[in-house]
Each structure stands twice: as C-alpha cells, then as structure tokens.
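Structure, as structure tokens:
Residue numbers (our numbering), protein chains in the order written: chain A, 3 to 75; chain B, 39 to 888.
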C-alpha cells in the first residue's frame, strides 16, 4: 500500500506541446530522444495516480510505463 | 444520455474489411479501443443494415444510477418494440428500488416472445462504474435470448465473467481491427478529400498515425487547407510530437481567432445547440458557427434536433487551453441556461463543475417538493445523488425530500430524525413536514395521530401537490376510526387529484384500498367494478397485465370468491401471485395463497389447502410481516375448526395477541368462531362488541359473518333466543352483494337453518342450498350414519355427562355405552377424542336440538 506522497515516473509515447503539458500540470514533462515523454512528480495518493492515467486515456495517449519510486530519488 | 443518430468521420462506403465476423452464439459485440479509434462509427455500421431494429444509448457519467440506466435502456428498446420491459419500468416506480437481478429478469422475460432480432448499443460503456448497473448488464446478457444482441463500445475492457468468452458469447473487435489499412487511408485521403497524395506520402502518414483514424482525420483536415502538402507530410513525418497534439495545433491555427475561441469555450459542453452556445459564449451567430464546424468536419457530431457534441477526444484537447477561472464562468452560464429550460440534471452538473454548490442545491430544492407531490421520485432521487453528500443540510426542501424517501422505505426513525433537524419558516415546507409526520404515524399504525397532523399541514399551506395526499391520508385515518362514508369520500377525492396518476403503484394502491373498503361495506359489485376497470387499464402494449395491477387482480379474485365463483377466483388469484412474484410483493403472494387455500378446501382438496397455507406462512414469516402471519394462522385455524380439530384451535386461541394494534378482521372473526364452537363464554360478548362496531361503521360484510356466528351460537347453546331472526338479517344483507361463501364456509347445519329463512331472499338462499327447497338429510351427509343409540350417546356426551351417567340415563351397562361411543368416534373420524367427536357431530348439525 502506498499511502504517503510518492514520486512517480510515467512515460507516454510522443512528445507533448505546452497545451498537452497543461493537462499534467503537477508533473514535470521531459521530451526524450526516443520519441517518448517522461513525466515526473510527487502524487499524494492513488486517486491522483488514477486521475493521471484517466487523462492519458482521455487524450488518446499511449502509456509506455509507470513506476513509483522511493522519496530519496 | 443522448440518442445519437449521426457520426461524422467515416464515409459510408469506407467499410472495414478486417472486422472479424460474429459467430452464431455471440450475444455481445465488444468494441474496445482507445479514444478516437472510430468505435462508435463502427457500431453505427453494424446496426446500419437494420437501424429500425436497434436501440442506441450514448452513455455519460450520469448513467451510473441503476434506476436511471434501466429506464433509459428500456425506453430505447421500446422505440423498437413497445412491448419490451414495461414491468421492469413499473418496478422502478415502487418504493424500494428492485435488485439489478430482478430488473434483468423482468426485462429478459419481456423479450422471450420477440420474433425479430433486436440490437442494443451501449456507446461509451467505459463511463459506467456503478456496481448495480454493471451487474444488471451482466445478468441481462447472461439471460438474453438469441434475439437480443448487445453492442458495447468502450475504451477499456469491461468486467465480465470469464465463461462468456469460453462460451463463444463475445464477438471481439479491438484496436488493431479498427486501424485503417493503407488501402482505406488512400481511399479516404485521395478519393474523399481529393488530396492527391503520393503513395509514399500515404505511407508516411500511415506510419506516423499507425492507422489511427483520428490521426488520419486530423491530417486530412490540416492538409485540406495547406498548399505545400508534400512539405507538410515530410515535416509531420519527421516530428516526434504526439500525433493529436501536433495536428490539432495545425488545424486550429488554420481557423480564425473567433472560431478558435468559440470552439474552446463550447468544448466544456457535453452537448450543445445554438441557443445554449449563445448563452455560454455571449455571441449571436452561433447557429452559423455550428453549421460551419459541422460541414467542415471540425469535430462535431450531430445528435439531431439541432443538438451537437464534440467528438470526445477533441473536446478533451480543446478545453486544455482554458484556465480554471474561464471554465468556472463558462460552466456557470451553461448551468443557468439548463436550469432555465428545465434540464436540471445538466444544470446541476455544470454548477458543480463551476464549484457553485449553492446554485446546484437551489436548483434541486426548487424542484424537490413538486417532484414528490407529482410522483417524480426517480428523477428527484437522481438529482439528489448528484449533489455532494453534505449539501442536504443547505436547504430545508432537500431535508424534507430525504425524510420523505426514508419514510417511503419504511426507515421511520431515520425519517423522523431528518424532520427534527429542519428549521424553517417556510409554510409550504412546514406543510410537507406535517404530512410526512402523518405518513410516519400511518406506517407505525398510530392512526389517531394522522388527522391532527393533516389539520396542521392544511393550516400551513395547501399546495396542489399535497391536496391529494391530505385526502388519501385523511381517508385512511377516518376509515380506521369507523367513519366509513367520509373515508370513502376522501379516497375518491384523492383519486380525482391528477398527481396520483403519475405514480402507478400509488394509483393502483389507492384504488385497491377503495375496492377493499367498499367490499367491507358490503358493496361487492362496486368493489368489483373498480377492479375490472383498473385491470382493463393496467395492461401493456400486448394486453398483458402489468406488475402494479397485481393488488387489483388479487382483490377481484377475492370478490369472485365471495360470490362462490371459484373458477374465476382461482384464475385471478394465481395471476395475482404470478404478477407479484418478480417484485416479491408480499401482499399479493400471501393474500393470493390464503384465498387459494380456501378454494382448495371448498373443492374438498384439503391437503392442497394446508400445503398452500404452509407456503403462505413461509412467505409472511420471511418478510417479517406480523399482520400477514396472523392472518395466515387465522385462516388455517378456521380450516381446523371446519375439520373439527378443536384442540389445535383452542391452543391457538390461548396464544392469540388480542391486543395487537393492527389485528386483521379475519383474526377476530376466527377467534369468535373458535369460541362459538368450543362453547367458550366469551363468544357472545365478543360477537356483540364487534357487531356494534360493524353496525356503527357500516361494515356490512363483517356484520354478515358476525350475524351468522351469532345465529349458530343461539342455535347451539341457548333456548331463549331465536337464531332465525338473526340469520334472516344476515341473509338480507348478503343477498344484495351475493356474499355466498359467508354461508358456505360454515358447517352444513347452517344450511338446514337457511331453509327456514328462505323468505328473506328466496333466490339467494336457493342458490346456497345444494338441492333447492329440500332440507338436507343430515344423517345422509355421513358416509356411515350413526345409529339412533350412538346419536343419543353423543348428545349426552356433548351435554357433559360421563360414561357412567350416560349408562344410568339410558338404562344400559357402562360397557355398552363404551361400545357405542367407540363406534360413534370411528364414524365421526374423531380418532379417540371425545371433544373432537362432539365437534364433528356439531358440525354435521347432529346436535342442533340439544
């Protein structure tokens, strides 16, 4: 169970312009040379995580990976 | 919930060649793919061969409500065939929302007889997460007959039992099946859009979009207004930007600033027409703008009747550029517009999206009380469910509504507690509060409290929605007080109030009470006329009786039973049970069986009668309804008495809760009958108390039975009173309404007495007697008649003499008396019991002269 604020790394297919980055306002977006976007940030709870996944689904983005990390990162 | 008719994007002749074909036993076509893959378009294609056989539902977040979802599904199916699902729709109107399984059964039952295939399309099923709705659909698909085919479009796999796939029930269509082939892309871009792209350019677009329809569509739109198409394709091909992100920017930049603003601002709307857009964007040329977007294929879907919506994916992208403040302002304007036109669900949703809870609460509060009065319970419950859970305390009307729903669900303490929390000066709200207090009193059997509450309510206010309730509750209270005629006047007045027609169970229920009241007053024909009128009205398109007709059908059965029309009665009572079964209507299930048992007994099928009563007790006990359980016991003990099984009845009589506040009349009557037959001293005084009440209240049906028992009592035990005068009055009262069974369900001795009062109503009495004008031969009514000596012995035993005393009186040996008694016991089927032998002999009328 993840109960505290946790650091997440979410990777989606394609680079995102400012408009699409707005949709993930709480995450830092980094375009990577392999044609993916890496979004990183602290998410308070599972509801926030599923909120992001829902946005990814709504916007038709392709989810590549999602990873939760220890806070020391 | 919208019934979409048209989809843009995919031209008609562009048919997916790759779509796998359904096999024969598939029940569910499942189209699962991410946003913008043309799922809905494909669903349209699937139903396009026979669109008139398809019911289409576009789902949204609001549909996560069982009642609402089921009513939408059925309304859509009824567009195809009006006979579908009426019972399930009616079930939704009852006080307790039925179980999803029950609704699914009712729905699928109504489709069994369908000859033609019907398709049900549930578009955007991924928006459904309510467990009841999901389980309703699971059951519906499981039970579906081959003539129902469900088509579901969803962005992710819905939950479903694994065996569905194993059984071959699912026809799967997934993202890869929906991707455009290079051939289709070429046809679309070059033939339909006339873009004249080279094969290599088409290849680039295919690679970049991976055959994703929304991507190709956007590319087509962007290329349409671009002069350097090759350059555009090359640049797009070289970009790593997300396809939609890149192309939306291109397409939007090609539009005027005004149009771009219009698109972004209206993208907050789940659906829109020109009028709504004008209110939201403060512009007047909205009709032209919508028309332009639609003809230019700019993301609009037509819903018919001037309504449009954006394609979901593009709406979600368009709103990204709005700030939170902009969104709140736009949602608020939309809320105002929807509230003004009475589309409250959408008004509430927009107010809440604007974070204006107060506006949302006021919007529902204005609607709440009229909605209750007009029986619009489903919609109100749904509106309340949209509001945040704590918001009821924000408005007294919402608290009243909550209390009302508790009272209807028989959660009386909760209803009371909700009322206690309300502080208001509003006269109408206070009138409602008093009315709910009256309802609670009614449910608690506290009948004396009803009229004072109604009187106070009337002083507060007399809104049209409440008048019908005032009348109805007053009618019930007056009836309980024995004011029969006034009670019936009030019930009639309640029925004249148009609001009762909106609630099928309320309407049927009030008519049931009216019919029951009239019957208790001895007006059987009038009571029956009400049943027959209602039964003619309460039918579906196929002339089948609907579930809420059940009480009326049962009541008609009882009324036919009274007139000794056993065949018709049995038919109606069985129909009543059948109609009551799906929704487990206790009244129909128990009452129907009680009278079926009496019919069995009348036809001499005694074992069946007891078995039926056993079932009835089981149902009554299961629902914890003590008046029903008491009624079952009473009927059963009535049969024991007729059997001569006096010990059991004596036992029952000692345990009877005679002080129970709502003891059914049948219990009183059976108790009195028991006392009469067991020579209990209480018999006559009990009869006289009940008789006085019945006379004062004009309950002639009760009076008939009481007078018959009184006559039997006089006949058995007293020399001073003439049973015939009493019986004559009973006959006169009964003849008018043809209450035959009141006499036929008594011992044969009564028939012998009846021959002597034939003059009171000759036709009626002749009908009751097995052989007209001929007194029945009592001795012949036994298979093996008693000898004269045996009869003498039994008579003396009935007078309380011991064997030794009988021997002395008859001048015979005690052993001889014992022999006579033994024979008599055996002929009287007394099983060695002296009491039983006497009871049987009395029942046969053998003891009438002692």
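Ideal Cβ positions, reconstructed from N, Cα and C, are used throughout, including at glycine.
**Q.** Reference residue 552/B; option with closest CA among 574/B, 495/B, 880/B, 589/B
**A.** For the residues 574/B, 495/B, 880/B, 589/B, the minimum Cα distance to residue 552/B belongs to 589/B.
(Q) Cβ closer than 7 Å: which chain A residues qualify as neighbours of residue 355/B? (A) 61
Q: May I ask you to report which of helix, strand or coil DSSP gives residue 122/B?
A: coil
Q) Which one of 493/B, 268/B, 795/B, 862/B has the shortest CA to CA distance from residue 828/B? A) For the residues 493/B, 268/B, 795/B, 862/B, the minimum Cα distance to residue 828/B belongs to 862/B.
Q) Hey, out of 343/B, 336/B, 341/B, whose CA is closest to residue 351/B's CA? A) 336/B
Q: Evaluate residue 63/A with the Cβ neighbour count: other Cβ atoms within 10 Å of its Cβ, from every protein chain shown; 16 or more gives buried, anything less gives exposed.
A: Buried is the call here.
Q | Stretch-stretch touch, CB-based, cutoff 8 Å, three pairs: the segment 374-387 of chain B with the segment 320-332 of chain B | A | no
Q. Do residue 149/B and residue 189/B come within 8 Å of each other at the CB atom, strictly closer than that value?
A. no
Q: Report back the beta-carbon spacing between residue 399/B and residue 433/B to the nearest angstrom; my notes put them in contact at under 8 Å.
A: 5 Å
(Q) Please tell me whether, using a cut-off of 7 Å, the distance from the CB of residue 646/B to the nearest non-hydrogen atom of the ligand MN is below it. (A) Among the components of this structure there are no ligands whatsoever, and the ligand MN is therefore not found.
(Q) Distance cutoff 8 Å, beta carbons only. Does residue 16/A sit that close to anything in chain B? (A) Yes, because at least one Cβ of chain B sits closer than 8 Å to the Cβ of residue 16/A.
Q. Mind checking whether residue 764/B and residue 748/B have CB atoms under 8 Å apart?
A. yes
Q.
Under DSSP, the alpha helix (DSSP H) around residue 705/B begins and ends at which residues?
A. Counting along the chain, the alpha helix (DSSP H) containing residue 705/B begins and ends at 703-715.
Q) By how many angstroms is the C-alpha of residue 300/B removed from the C-alpha of residue 322/B? A) 12 Å
Q.
Using 8 Å as the threshold, is the C-beta distance between residue 595/B and residue 582/B below it?
A. no
**Q.** Start and end residues, beta strand (DSSP E) containing residue 157/B
**A.** Counting along the chain, the unbroken beta strand (DSSP E) around residue 157/B starts and ends at 156-161.
Q: Can you tell me which of 165/B, 422/B, 74/B, 128/B puts its alpha carbon nearest to the alpha carbon of residue 98/B?
A: 165/B
Q. Can you list the residues of chain B that residue 21/A reaches, using a CB-CB cut of under 8 Å?
A. Contact annotation for residue 21/A against chain B: 283, 286, 287, 355, 358, 359 [CB-CB distance below 8 Å, chain order].
Q.
So residue 37/A contacts chain B; which residues on that side make the cut at Cβ distance below 8 Å?
A. Neighbours of residue 37/A on chain B, chain order: 278.
Q: Would you mind reading off the limits of the beta strand (DSSP E) that contains residue 41/A?
A: Residues 38-45.
Q. Where residue 423/B and residue 61/B are concerned, what is the direct C-alpha to C-alpha distance, given to the nearest angstrom?
A. 41 Å
Q. When you compare only the Cα positions, how much space is there between residue 562/B and residue 790/B?
A. Between the C-alpha atoms of residue 562/B and residue 790/B there is a straight-line separation of about 26 Å.
Q | DSSP bridge partner residues for residue 618/B (one or two, in chain order) | A | Answer is none; residue 618/B lacks a bridge partner.
Q) Using DSSP with H/G/I as helix, E/B as strand and the rest coil, what is residue 135/B? A) coil
Q. Residue 9/A bridges to which residues according to DSSP?
A. Partner(s): 44/A, 71/A.
Q. Relative to the alpha-carbon of residue 180/B, which residue among 194/B, 200/B, 195/B has its alpha-carbon at the smallest distance?
A. 200/B
Q: Measure the beta-carbon distance from residue 161/B to residue 94/B and round it to whole angstroms, keeping in mind my assumption that it falls under 8 Å.
A: 7 Å
Q: Would you be able to state if there are at least three C-beta pairs under 8 Å between the segment 189-198 of chain B and the segment 118-131 of chain B?
A: no
Q: Would you give the residue range spanned by the beta strand (DSSP E) that residue 339/B belongs to?
A: Boundaries of the beta strand (DSSP E) harbouring residue 339/B: 338-342, taken from the DSSP string.
**Q.** Cβ separation of residue 345/B and residue 309/B, assumed to be a contact under 8 Å, to the nearest whole Å
**A.** 5 Å
Q) When the distance is taken between beta carbons, is residue 717/B closer than 8 Å to residue 755/B? A) yes
Q) Since residue 67/A contacts residue 44/A with CB under 8 Å, what's their CB separation in whole angstroms? A) The beta carbons of residue 67/A and residue 44/A sit about 18 Å from each other, so the pair does not count as a contact at 8 Å.
Q) Using a Cβ cut-off of 9 Å, which residues of the segment 66-77 of chain B contact any Cβ in chain A, in chain order? A) 72, 73, 74, 75
Q: Quick one: give me the first and last residue of the alpha helix (DSSP H) that residue 423/B is part of.
A: 415-424
Q: Could you please give me the residues that DSSP links to residue 67/B through a beta bridge?
A: 189/B, 209/B
Q: Can you have a look at residue 280/B and say buried or exposed, based on whether 16 or more other CB atoms are within 10 angstroms of its CB?
A: buried
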